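For the sequence shown, position 186 matches number 282 in my numbering, and the numbering has no gaps at all.
What follows is a single structure, written as structure tokens, with notes after it.
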Amino acid sequence: MNFAFTSEQLAFAAAVREVLRDRCDPSDRLSCWKELAELGFFAALAPEEAGGLGLSLIDVVPALEETGRAAMPGPVVETLVAAPYAPEGVTRVSLLVDGVALDADLADLVVDVTGPSAVPVRPEPRRALDPGRQPYGVTVAGEPERLPGSAEALLRRATVGTAAQLVGVARQLLARSVEYARTRTQFGRPIGAFQAVKHQLADVAIAVEFAAPLVHRAALSVDAQDAPRPDRDVSAAKAAAGEAASLAARTALQVHGAIGYTGELDLRFWLARTWSLGAAYGTSAEHRIRVREAVFGA
């Protein structure tokens, strides 16, 4: 299969990247939100008659990678994929999955993915490893309102969107690690000159390059009406992207050493994002089980 992104898809991603470079602050969950909304990013998947751009998921995958590369905080994927379901005027959306809604305090709308349905909730904050993605346990405080559309499609899109962000996180961690390995010296040589460090960075690069096409395939499967096994493709993408980001995070810590844990570097934002996105919508281990069952049977 020959696949390449179109010039329009890449231009949209470039516009998102420019906004993120100038405005995004990983420590502020509302930074650059207004600018991306004005660009049409969050309404990209909504139909044109509803004020959206009418794009498909594959059209926004490169842009989603950019939000991961910038460690953009807040319910980015959730708002994007819920746009076709959300009433007019909603600016931020949280998805309720297994009793937990990320960034529910920022959301105008909480969508229970089992419906999908809009639910009024009372959020209770839980301990967060990632300051950019605050989990809330929620208590439903009223009658749910059924929303149009398919719950399966919503959850698939959220999973693929999260996988795309993980690829972006992994790319940024790799870039930061390579840059640090070129400048940090030991025994009079850059640490990047040592074979062991080269191998570690090469392993990350290979993992990322293998994961990215699986995310692209999953986005195409989710959008297609006749895709034979969309759930298999979605799980393959999430498993590979999560593993690539996890490997990138471990390697970044090993390359940077103890300074990678400290507040002196902002590397911690990308490390935390790896852990929170890796756990969202199923871990790599859970999705590998689903792929195995899809291929070989339960």
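No residue lacks a Cβ here, since even glycine has one placed at the ideal position from N, Cα and C.
Because the structure is a prediction, the values reported are computed rather than measured.
A residue is called buried once 16 or more other Cβ atoms fall within 10 Å of its Cβ, and His-383 is buried on that count. Note on Leu-243: 16 or more other CB atoms within 10 angstroms of its CB, so buried under the neighbour-count rule.
A direct Cα-Cα distance of roughly 20 Å separates Val-207 from Ala-259. The continuous stretches of alpha helix (DSSP H) do not include Leu-225, and DSSP gives it neither H nor E. Between the alpha carbons of Ala-344 and Ala-182 lies a distance of about 35 Å. CA-CA distance, Glu-339 to Val-215, rounds to 33 Å. Between Ser-317 and Pro-326 a beta carbon distance of about 4 Å is seen, short of the 8 Å cut, so the two are scored as contacting. Given a length threshold of 3 residues, each whole run of the beta strand (DSSP E) inside the region 166-254 is given here in chain order: 189-193, 196-198, 205-208, 217-221 and 231-236. The shortest C-alpha to C-alpha distance from Leu-361 to any of Lys-334, Tyr-377, Leu-269 and Gln-282 is the one to Leu-269. Separation of the CB atoms of Arg-313 and Ala-333 is rounded to 7 Å, and the pair is thereby assigned contact status at 8 Å. Taking the C-beta atoms as reference points, Ala-167 is found no nearer than 7 Å to Leu-116. Taking a contact as a CB-CB distance under 8 Å, the pair Arg-328 and Ala-390 counts as one, their CB atoms being some 4 Å apart.
Counting of Cβ neighbours within 10 angstroms places Ser-331 among the buried residues, the total reaching 16 or more.
Linking Val-172 to Phe-138 through their CA atoms gives a straight-line distance of about 8 Å. DSSP lists Pro-286 as the beta-bridge partner residues of Thr-281. Assigned with DSSP and collapsed to three states, Leu-149 falls in coil, not helix or strand. With a 10 Å radius around the Cβ and a threshold of 16 neighbouring Cβ atoms, Ser-342 comes out buried. A distance below 7 Å separates the beta carbons of Thr-347 and Gln-296. Its chain contains Pro-158, Ala-159 and Glu-162 as the residues whose beta carbon lies nearer than 6 Å to that of Ala-109, once the 5 sequence neighbours on both sides are disregarded; these appear in chain order.
Put simply, the backbone Cα of Arg-188 is about 37 Å away from that of Asp-299. Annotated three-state conformation of Ala-298 is helix, per DSSP. Nearest neighbour of Ala-107 by Cα position, chosen from Asp-155, Leu-205 and Ser-123, turns out to be Asp-155. By the criterion of a C-beta distance shorter than 8 Å, Leu-135 is surrounded in its chain by Ala-111, Val-112 and Val-115, once the five residues flanking it on both sides are discounted. In the DSSP annotation of this structure, the continuous segment of the alpha helix (DSSP H) that includes Asp-118 starts and ends at 103-119. Arg-280 has its alpha-carbon roughly 51 Å from the corresponding atom of Gln-321.
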